[in-house]
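Only one structure is covered here, and it is reproduced in the block below.
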Amino acid sequence: MKKYFSILVLLILTLLVSACGYRLRGTQELAGGSRTVAVLPFVNKTVETRIEADFFNALVDEFAQSKNLKIVPVIEAEFLVTGVISAVDNYSISYSSDDKTYEYRVVMIVNAEIKERATNHIIWQRSSLQQVEEYKSTGEPLTIDRRKQRALKRICKILAEDIHDGIFRDF
Numbered sequence: 009m010k011k012y013f014s015i016l017v018l019l020i021l022t023l024l025v026s027a028c029g030y031r032l033r034g035t036q037e038l039a040g041g042s043r044t045v046a047v048l049p050f051v052n053k054t055v056e057t058r059i060e061a062d063f064f065n066a067l068v069d070e071f072a073q074s075k076n077l078k079i080v081p082v083i084e085a086e087f088l089v090t091g092v093i094s095a096v097d098n099y100s101i102s103y104s105s106d107d108k109t110y111e112y113r114v115v116m117i118v119n120a121e122i123k124e125r126a127t128n129h130i131i132w133q134r135s136s137l138q139q140v141e142e143y144k145s146t147g148e149p150l151t152i153d154r155r156k157q158r159a160l161k162r163i164c165k166i167l168a169e170d171i172h173d174g175i176f177r178d179f
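To convert a position in the sequence shown, counted from 1, into the working numbering, add 8.
Below, the structure written as structure tokens:
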């Protein structure tokens, strides 16, 4: 019994020591302990309609989940999240035996920054953040478009997570 207790204590201590640097996602703060942020719609430099709205919604959702930041109107914010959607490319990646598109790949590239509202000083910036999704073709244009839109929404969500987590990771 004493042997099992010693092993258990040793195991618990090992787990505690190995997890000493562990932090839960979103528990850090921005520079100076800032707590308020406004997310602005990104500029859409692509021909993809409404992508800026989908990306804005994904960013707002991601920052709203952060327990250390409060999304507020621009006039109340300490920091602003801004950027540009610089590219959305969609192309065929595989074909059926009769030369019809079987699968597509969509790529989205964004440039993002966070800056102090009062001074416009950029405190975090990333260029050419990229995410890729693939989707199958059915031959039906409406179905293909719905699948593309779902793929783009997944991309928006992942890029929003990357921006949010990147900001906190770098501080």
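Beta carbons are placed, not taken as given, at the ideal position from N, Cα and C, and that holds for glycine.
In this text the structure is predicted, and so the values were computed from the model without any measurement.
Are the beta-carbon atoms belonging to A46 and A72 less than 8 Å from one another? Taking the sequence shown and counting its residues from 1, the one referred to as residue 46 is at position 38. Taking the sequence shown and counting its residues from 1, the one referred to as residue 72 is at position 64. Against a cut-off of 8 Å, the Cβ pair of A72 and A46 comes out as no contact.
Would you kindly work out how many angstroms separate the C-alpha atoms of G174 and H129, rounded to a whole number? Counting from 1 along the sequence shown, the entry for residue 174 is found at position 166. Counting from 1 along the sequence shown, the entry for residue 129 is found at position 121. Those two C-alpha atoms are separated by around 18 Å.
Which residues in the same chain have their Cβ closer than 6 Å to the Cβ of P49, if we skip the five residues on either side of it in sequence? Counting from one through the sequence shown, the residue named residue 49 turns up at place 41. Cβ within range, chain order: E60 and F64.
When the distance is taken between beta carbons, is V68 closer than 8 Å to I79? Locating residue 79 in the sequence shown gives position 71, counting from the first residue. Locating residue 68 in the sequence shown gives position 60, counting from the first residue. Yes, Cβ-Cβ distance for I79 and V68 is below 8 Å.
Just grab the DSSP bridge partners of K123 for me. Against the sequence shown, residue 123 aligns to sequence position 115. Partner(s): L88 and I130.
How far does the alpha helix (DSSP H) with T151 in it reach, from first residue to last? If you number the sequence shown from 1, residue 151 lands on position 143. It spans P149 to R177 - the alpha helix (DSSP H) in which T151 sits, taken as one unbroken run.
Please name the residue, chosen from K53, I83 and Y103, that lies closest to E124 on a Cα-to-Cα basis. Indexing the sequence shown from 1 puts residue 124 at position 116. For the residues K53, I83 and Y103, the minimum Cα distance to E124 belongs to I83.
Identify which residue in T146, F87 and R158 has its Cα closest to the Cα of Q133. By one-based count along the sequence shown, residue 133 stands at place 125. When only C-alpha atoms are compared, the closest one is F87.
Straight-line CA distance for E56 to T44? As a working note, residue 56 is residue 48 in the sequence shown. As a working note, residue 44 is residue 36 in the sequence shown. Roughly 31 Å separates the two Cα atoms.
Own chain residues within Cβ distance below 7 Å of I152, not counting five before or after: Taking the sequence shown and counting its residues from 1, the one referred to as residue 152 is at position 144. Same-chain partners within the cutoff: S145 and T146.
Would you identify the three-state DSSP class for D69, choosing helix, strand or coil? Counting from 1 along the sequence shown, the entry for residue 69 is found at position 61. Reduced to three states, the DSSP call for D69 is helix.
Per DSSP, K78 is paired with what? Indexing the sequence shown from 1 puts residue 78 at position 70. DSSP, once it has assigned bridges, lists T44 as partnering K78.
Of the choices V89, I163 and E148, whose alpha-carbon is the least far from that of I122? Walking along the sequence shown from the start, residue 122 turns up at place 114. When only C-alpha atoms are compared, the closest one is V89.
Within 8 Å, strictly: CB atoms of K156 and N98: On the sequence shown, position 148 is the one that residue 156 refers to. On the sequence shown, position 90 is the one that residue 98 refers to. Yes, the pair counts as a contact, with Cβ atoms nearer than the cut-off.
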